[in-house]
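Quick note, the sequence shown lines up with residues 192 to 1053 if you use our numbering.
Just so you know, even glycine gets a beta-carbon here, dropped at the ideal spot from N, CA and C.
Remarks on the structure that follows.
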Amino acid sequence: MSLYNLFFWGVPTVALVSYLLLLFFFSISKKDRVVTAFQSLLITLAFWTMCSLLMKLSVYPGVLFWNRMMVAFTFATPLAIYIFLSIFTNTVRFGKIAFWSGMTLAGIVVNLIGLMVKEASMVNLDPGPGGFFAGHMVLNYVTGPAGAPVLAFQAIFIIAIILKARHCVIKNVSSYERVKPIMVGMVILFIGVCCNALPIVGKYPIDILASFINSIMIMVALYKNKMIEMKIVFTRGIVYSIFVGAIVFGYVYSVFSLERNIRVHFGEVSQYFVIFSALIVAFIFQPILRLAHMLSNKLFYKTEYNQRSALMDFSLNMSHNLNLNEISHQLIDTVEKAMNVQRSSLVLKDDLTGDYSTYKSTISLNHLDVKIVKDSPIVKWLSEKGGCISKNDLDFYPQFKGVWDSEKRALEAANIEVLVAVKCREQLIGIILLAGKRNNVPYSSEDLDLLASFGASTALAVENARLYTRAQIEAVTDNLTGLFNHRYLFKYLSDNMSSEKKDNTISVLNMDLDMFKLYNDLFGHSEGNNALKKVATIISDAVDRRGIAVRFSGGNFIVVLPGHDSHQAHVIAEKIRLDVQKAFFSDVNVTNRFLTMSIGICTYPFAAVGQEQLLKRADFALYTAKQNGKNQTFVYTSTTDTDKKPIQEGAVTGDDLGMMTSKPAYAATLYALTAAIDAKDQYTFSHSQKVAQYASVLAAELGMDKFHVDIIHEAGLLHDIGKIGIGEHILAKKGRLTAEEYAIMKQHVEMSITIIKHLPSVNHVIPAIIGHHERWDGTGYPRGLKGVEIPLEARCLAVADSFDAITSLRPYKSPRSVEFALAEIERNSGAQFDPDVAEVFVRLVRTGVINVVEDPVLALMN
């Protein structure tokens, strides 16, 4: 065969056979939508080449017909490439696809009605003896009026495809290396199409050669981007083809042999009988065909079979295991062995934050902390779609452009190439992170499918273990602070003071918040809970991994420090105490500046011989710290006086010492303070006594016991003690106060608390005093409390204080009548005053139960 014949017939023949083989191989292999789009392109190219061969062979209905069919598929090829590129770069735009499809269809119609090629025929070339073309056939054609415009459109379309690929690179939709083979192939195809425009060159299969090279470049792009594995596709395809060929040969041979034997022994038979016999033979050969398929799989997918077996064994073994640590360890170990991975890691969802952080990893990853936030595009994708995300997806898909830089750096540092969703009940509970394979072989689509299946199948076992672990933790954890509870305390002490560990040194810190009950009374249990959480964080940070922190009850915490002597424990205790003091004393609200911590320390075996004694003596050390003035640390030693009564749960603590003091011990203090304010502000002379009298009668009528009635009486005496800190120019001002002066005047409540909190014997009156200027509608001061949030004692003081202020002489006003004052109280009932309290007070005054005392200053003036 001459060189010309080799080129003229060989190019389209080789191209067609290659297209058909590729189609066959891909049809029996797993594929995604990119490979499917490539198959569509192969079909278009195959028809183009087939029509070219049929045209060269002058097959019926003739050269012109097949030429026009070839040109039609030539037009369809750029469209198929455009759709493939759109899917390959994830830039599908249906509007643009519809536009190019319409233009392509128009070109095909123009071609089929004869406006592209008017005449076409195969002619014999004979330039002379020995010439290159001597005795050879060549296509001779005449173009129509639409030939040049339609070819120009095709060239423009190809240029548009090249520009689209370039645009994807510029906009970071795809990398240059990813689309480079496609761009090179399109340039070659463009050259081939341009050659078609020149009849002197277009008569040869230059365009088919160009399209064949272009298809090869697209295959290279698919392989470089790990979308196909050439070795597996071709090797398995060839072997499967051999199996199928042998079976088909055996089938045909069996049918003809059966037909010949029947004819020899029984003479002429009906053709229907022969067809029936062929069907029977086909039915017999069907299992053999399935066996051939299975054998080809086993030969070339042995690794995949081993992978599936290893992963299935893991799923079965873990189905009844509830130990999260064991499951996570075996999970990453199994994945590494099955996929031949360099290293892997499991990140699990944090139930509190919703973020995903490393739970278990291989040794080589232990130094890396991979954290993926809950609103990351990675989490969103895996939550919605499950499956896997490859490194290529993260680099090139626009959905992942919003991934945080910290996440990218962590994944790159760990060389992560695949992220696998672990979803249970439509919830993403974890992510398996896989680095590259040890043999540097890329992950195939089959690998990703297998990993996606593994992630889904193991999710239930991981979730059950998480729930079981969470239940175990909750059983020994305080719900509010997250510290351990007293149940775990005793177990931990027993484990660390067992006979095997009897020589261990263990220090116990018994810590209690000073005046925490008062803090709750002043700010409510919600703020009290916030304070406990803040203190728990301080304790946890100080203890770290040295031991355990326990919330025992209320504001009482216990820390156990194995291996720490009393000196080491004292250092930690002081850090905790000072951090608590700093945390609350730095608050801008002065009323918060009293929450401190007292700490007692006892160390085993130097100061205690057993668990019970250790706890009791730490309790006694705490009691001593409270007795000695609070906000300090006391260490129990062998010389400590144990005759004093230690704190027992439910017993009276140092916070309540003031309440235990007899009334004569502090009555003088009350009246001395009252006299001090009266001495400074003569216009409010006896105001405190009258408010105390009115409020205590009101409290008794409301059903309060004597203990609380006494508290209200004492609060009435001290409610204006803070005015000692207000300048006399404001207290004695005869005109209306300015906004600045009124702001200073309002500070007398805070000043009252600042004074009283340093008097432990009377600090129980603080809740009533701090709230006596609050309003029922929430517009009062200093905290803006509303309704029943205001302590009842404060509501009683508010009515009594306002009543006496209206009926007494002040620098800025004359005294008003009792009826006027009662009318004002009724008018402001439900706004300034508690309606129930106001109603009772008005009734008590009008019935004479409350004896209204005449203002002494007014009496002197009269």
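Asked: Quick check on the DSSP output: what are the complete alpha helix (DSSP H) runs of length 4 or more inside the region 871-929, in order along the chain?; Found: 878-892, 897-909, 919-922
Asked: Report the three-state DSSP secondary structure of P336 (helix, strand or coil).; Found: coil
Asked: What does a CB cutoff of less than 6 Å around L573 pick up in its chain, not counting 5 residues either side in sequence?; Found: A612, L619
Asked: Who does C579 pair with in a DSSP beta bridge?; Found: V611
Asked: Sort out for me which residues DSSP pairs E310 with in a bridge.; Found: V333
Asked: Measuring only the C-alpha atoms, how far is A733 from A760?; Found: 11 Å
Asked: Specify whether the region 582-599 and the region 526-534 touch according to this definition: at least 3 beta carbon pairs, one from each stretch, less than 8 Å apart.; Found: no
Asked: Look up M788 in the DSSP assignment and say whether it is helix, strand or coil.; Found: strand
Asked: Applying the criterion that 16 or more other CB atoms from any shown protein chain within 10 Å of the CB defines a buried residue, is Y795 buried or exposed?; Found: buried
Asked: Nearest by alpha-carbon distance to G913: which of H955, M936, L232, C385 is it?; Found: M936
Asked: Kindly identify the DSSP beta-bridge partner or partners of G746.; Found: None; G746 has no bridge partner.
Asked: P252 to V308, Cα distance in whole Å?; Found: 16 Å
Asked: Relative to the alpha-carbon of A1014, which residue among E1030, I981, S1005, T672 has its alpha-carbon at the smallest distance?; Found: E1030
Asked: Could you have a look at L700 and say whether DSSP puts it in helix, strand or coil?; Found: strand
Asked: Inspect the beta-carbon positions of L700 and I623 and report whether they are closer than 8 Å.; Found: no
Asked: Considering only residues of the same chain and omitting the five flanking positions on each side of N281, which have a CB-CB separation below 6 Å?; Found: Y588
Asked: Mapping the DSSP letters down to three states, classify L248 as helix, strand or coil.; Found: coil
Asked: So L723 and T672 are in contact, right, with Cβ under 8 Å, and what is the actual spacing, rounded?; Found: 6 Å
Asked: Taking contact to mean 3 or more Cβ pairs, one atom from each stretch, closer than 8 Å, check whether the region 657-672 and the region 628-644 are in contact.; Found: no
Asked: State the Cα-Cα distance for the pair F710 and L786, rounded to the nearest angstrom.; Found: Looking at the sequence shown, residue 710 is not Phe but Tyr. Distance between the alpha carbons of Y710 and L786: 7 Å.
Asked: Answer yes or no: do I523 and L537 have a C-beta to C-beta separation smaller than 8 Å?; Found: yes
Asked: Considering just the uninterrupted stretch of the alpha helix (DSSP H) at I1041, what are its terminal residues?; Found: Counting along the chain, I1041 falls outside any alpha helix (DSSP H), and DSSP gives it neither H nor E.
Asked: Are three or more beta carbon pairs between the region 248-263 and the region 284-291 nearer than 8 Å?; Found: no
Asked: Express the C-alpha separation of S535 and D596 in angstroms, rounding to a whole number.; Found: 21 Å
Asked: Helix, strand or coil for G293 per DSSP?; Found: helix
Asked: Mark K592 as exposed unless 16 or more other C-beta atoms lie within 10 angstroms of its C-beta, in which case mark it buried.; Found: exposed
Asked: Hey, is the region 257-273 in contact with the region 343-357, meaning 3+ C-beta pairs nearer than 8 Å?; Found: yes
Asked: Determine the extent of the beta strand (DSSP E) in which A626 is found, giving its start and end residues.; Found: 618-626
Asked: Return the residue from the list I902, I763, V1033, L713 that minimises the CA-CA distance to I981.; Found: L713
Asked: Considering only residues of the same chain and omitting the five flanking positions on each side of M241, which have a CB-CB separation below 8 Å?; Found: L207
Asked: Could you compute how far the alpha carbon of E892 sits from the alpha carbon of H716?; Found: 28 Å
Asked: What does a CB cutoff of less than 7 Å around M1067 pick up in its chain, not counting 5 residues either side in sequence?; Found: One cannot answer for residue 1067 here, as it falls past the ends of the chain, which runs 192 to 1053.
Asked: Which two residues bound the contiguous beta strand (DSSP E) that contains S993?; Found: First-last for S993: 983-998, but that is the alpha helix (DSSP H), not the beta strand (DSSP E).
Asked: Give the DSSP-derived three-state secondary structure of N281 in the structure shown.; Found: coil
Asked: From V205 to L354, what distance separates their C-alpha atoms?; Found: 30 Å
Asked: Mind reading off the beta-carbon distance from R737 to H755? Whole number of angstroms is fine, and I expect it under 8 Å.; Found: 7 Å
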